[in-house]
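See below for the structure under consideration.
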Amino acid sequence: MQTQRNELSKALINSNSNYTNSIEQVNVYTKQVESSEASLKDVITHT
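So, in C-alpha cells, the structure goes:
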C-alpha cells in the first residue's frame, strides 16, 4: 500500500511539473507574440 502511495505521489508530482512547464511555455509564446505584434506595429507606422 505504501509503495502504491509513493508511486501515486511521484505521478502527481510529475504531472504537476509537466503542467507548470506547459504554463511557463505558454507565457513564453505569449511574450513572443506580443513582441511580434509590437514589431509589426512599428513597421506599419513607419512606412
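Under our numbering, the first residue of the sequence shown is numbered 153, with each subsequent residue one higher.
Just so it is clear, CB atoms sit at the ideal spot from N, CA and C, and this is done for glycine as well.
None of the values given here were measured: they were computed from a predicted structure.
Alpha-carbon spacing of residue i relative to residue j, whole angstroms
| i | j | result |
| --- | --- | --- |
| N179 | K193 | 21 Å |
| I165 | N173 | 12 Å |
| Q156 | K162 | 10 Å |
| S191 | T182 | 14 Å |
| N168 | Q154 | 21 Å |
| E186 | I196 | 15 Å |
| E159 | Q184 | 37 Å |
| L199 | Y171 | In the sequence under discussion, the amino acid at residue 199 is Thr, which differs from the Leu named in the question. T199 and Y171: Cα-Cα distance of roughly 42 Å. |
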